[in-house]
Structure formats: C-alpha cells, structure tokens
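K.L.:
So that we are looking at the same thing, I have put the structure below in structure tokens.
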Amino acid sequence: MAIEVSDDFDETLSKPSEVLVRNRFSHISAGTELACIAGMESFFTIPGTPGYSSVGEVMDAGDGAGDLFPGDMVFTFGPHAEYFKIDTGDRWHGICIPLPEGMDPELAAFAHMGGIAITALRKSRIELGDDVLVTGLGVIGNLAAQLAQLQGGRVMAADINGHRIALAMQCGINTVLNSASGDLKSFVD
Numbered sequence: 202m203a204i205e206v207s208d209d210f211d212e213t214l215s216k217p218s219e220v221l222v223r224n225r226f227s228h229i230s231a232g233t234e235l236a237c238i239a240g241m242e243s244f245f246t247i248p249g250t251p252g253y254s255s256v257g258e259v260m261d262a263g264d265g266a267g268d269l270f271p272g273d274m275v276f277t278f279g280p281h282a283e284y285f286k287i288d289t290g291d292r293w294h295g296i297c298i299p300l301p302e303g304m305d306p307e308l309a310a311f312a313h314m315g316g317i318a319i320t321a322l323r324k325s326r327i328e329l330g331d332d333v334l335v336t337g338l339g340v341i342g343n344l345a346a347q348l349a350q351l352q353g354g355r356v357m358a359a360d361i362n363g364h365r366i367a368l369a370m371q372c373g374i375n376t377v378l379n380s381a382s383g384d385l386k387s388f389v390d
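Printed below as a string of structure tokens:
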C-alpha cells in the first residue's frame, strides 16, 4: 500500500452545516490507526485520512453549524490533517464541541479515549464490589481501570509494559501485574 501526502485541500464550505477547522492537536490511537490501515475498521476507507480525535480552531462556519464561530477552539472527531471540514449535521462524525474556557487543548484531544472507556464500563454494567480485570494499560485501559474503581469495582490490571504499569499505579490502580513475568491466572485467582 502506498501512502500519499497532499496539500491540495478545498477550504470552501459546501453545506450550511459545515465547519472548517485548522487542527492544533490530534491524538494518535496506535491500535485503531493500525487497524484502519489494515482495513479492519468499517468507519475508515482507503484512500482516506486516519484520525478521529482532535482539537482545532474554527476558521469558518456555515449558517447552519449552530453556535460555532471563527476563533472557537473545538473538540472534533477530525482526522490527522492540518485542515478538515466537519459536517455538524452528521450525528456521529459531526461532533464539534467548543472547549470550556481554560481547558488545555492538548489534553482535550484525548477526550474521545475517555468516551471509549466509559462505553466499555456502561456495557459491562459494573456494580459496587464487582471484580474487574483490565488487560492492557494503554490510554483506554488505564482510563477504564480508573473509572471502574470510581464505580466501585475491585480492579485488577495487567500489562507487559513496565512504563504503563508504573503510570497506572501513579493513577491509583494498585493491583497491577506485569503479565510478561507473572502468571495472570494465579493473579486473578
């Protein structure tokens, strides 16, 4: 597969519900990005521009784009691109949320990761006192473990990466196993 880089982009809005955004920060989710390139994600087609969690500045907004104005900093499901358009009329891909005053835009680019972790917890219906095992302490796993603890779950977490384990412990996840050197079955039992 060939990768092409292009700076050919039409900044003209084609719909009243569109917003032109200049990207400032974009979160790379390695697992999803690799799955997209491998053709394993239905929302991403090739050719295409990967990425789905970014913060940028509104450069132009159509009359039907709601209360969005040039200069607003917004969180979007935008791609890894200097400029992109968001159709705010699209319920899924049209997310374009102004950042609250004082919010760090670099950190706000991670917001979608929290949404993924919350969705996993809601679907699992964790209740107070439930045992919860989180395998993998990347951004989403770490957030899921923290949220499961806050929801009353007795969290155990495992990863093979020492840095991720240390970070999880700094975030208050105390029962953690390095599964590269420890037995996961014994850890859970």
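FYI, the numbering for the sequence shown is 202 to 390, going by this note's numbering.
Where a beta carbon is used, it is the ideal one built from N, C-alpha and C, also for glycine.
In this structure, how does DSSP classify Phe365 when only helix, strand and coil are distinguished?
P.N.:
As a working note, residue 365 is residue 164 in the sequence shown. Rather than Phe, the amino acid found at residue 365 in this sequence is Arg. The answer is helix: DSSP assigns Arg365 an H, G or I state.
K.L.:
Per DSSP, what kind of secondary structure is Leu221 in: helix, strand or coil?
P.N.:
Here residue 221 corresponds to residue number 20 of the sequence shown, with the count starting at 1. If DSSP states are grouped into helix, strand and coil, Leu221 belongs with the strands.
K.L.:
What's the gap between the Cα of Ala309 and the Cα of Ser215?
P.N.:
Taking the sequence shown and counting its residues from 1, the one referred to as residue 309 is at position 108. Taking the sequence shown and counting its residues from 1, the one referred to as residue 215 is at position 14. Approximately 28 Å, taken between the alpha carbons.
K.L.:
Taking the alpha carbon of Ile374 as the reference point, which residue from Leu344, Val389, Ser380 has its own alpha carbon closest?
P.N.:
Taking the first residue of the sequence shown as 1, we reach residue 374 at position 173. Nearest of Leu344, Val389, Ser380 to Ile374, Cα basis: Leu344.
K.L.:
For Val275, write down the residues that DSSP places opposite it in a beta bridge.
P.N.:
As a working mapping, residue 275 is identified with position 74 in the sequence shown. According to DSSP, Val275 bridges with Gly257, Pro299.
K.L.:
Quick one: what does DSSP say Ile229 is sitting in, helix, strand or coil?
P.N.:
Numbered from 1 along the sequence shown, position 28 holds the residue referred to as residue 229. Three-state DSSP puts Ile229 in coil, outside helix and strand.
K.L.:
Taking DSSP's pairing of strands, which residues face Asp390 in a bridge?
P.N.:
Here the question's residue 390 lines up with position 189 in the sequence shown. Under the DSSP definition of a beta bridge, Asp390 lacks any partner.
K.L.:
Do Val220 and Val256 have their C-beta atoms closer together than 8 Å?
P.N.:
Residue 220 sits at position 19 when you count from the first residue of the sequence shown. Residue 256 sits at position 55 when you count from the first residue of the sequence shown. The answer is no: Cβ separation not under 8 Å.
K.L.:
With a 10 Å radius around its C-beta and 16 neighbouring C-beta atoms as the bar for buried, classify Phe244 as buried or exposed.
P.N.:
The residue you call residue 244 lines up with position 43 of the sequence shown. So Phe244 counts as exposed.
K.L.:
Shortest alpha-carbon distance to Ala321 belongs to which of Met304, Asp305, Gln352, His294?
P.N.:
One-based indexing of the sequence shown puts residue 321 at position 120. Comparing Cα positions, the closest option is Gln352.
K.L.:
Within the chosen definition, does the segment 258-275 reach the segment 292-308 through at least 3 CB pairs nearer than 8 Å?
P.N.:
yes
K.L.:
Contact check, Ala346 vs Val356 under 8 Å by CB: the rounded distance?
P.N.:
Here residue 346 refers to the residue found at position 145 of the sequence shown. Here residue 356 refers to the residue found at position 155 of the sequence shown. About 5 Å separates the two Cβ atoms, so the contact holds.
K.L.:
When the Cα atoms are used, what is the spatial distance from Arg323 to Val335?
P.N.:
The count along the sequence shown starts at 1 and reaches residue 323 at position 122. The count along the sequence shown starts at 1 and reaches residue 335 at position 134. Our two residues, Arg323 and Val335, have alpha carbons roughly 15 Å apart in a direct line.
K.L.:
Relative to the C-alpha of Asn362, which residue among Leu385, Ser230, Leu348, Gly337 is closest?
P.N.:
Against the sequence shown, residue 362 aligns to sequence position 161. Minimum Cα distance to Asn362 is reached at Gly337.
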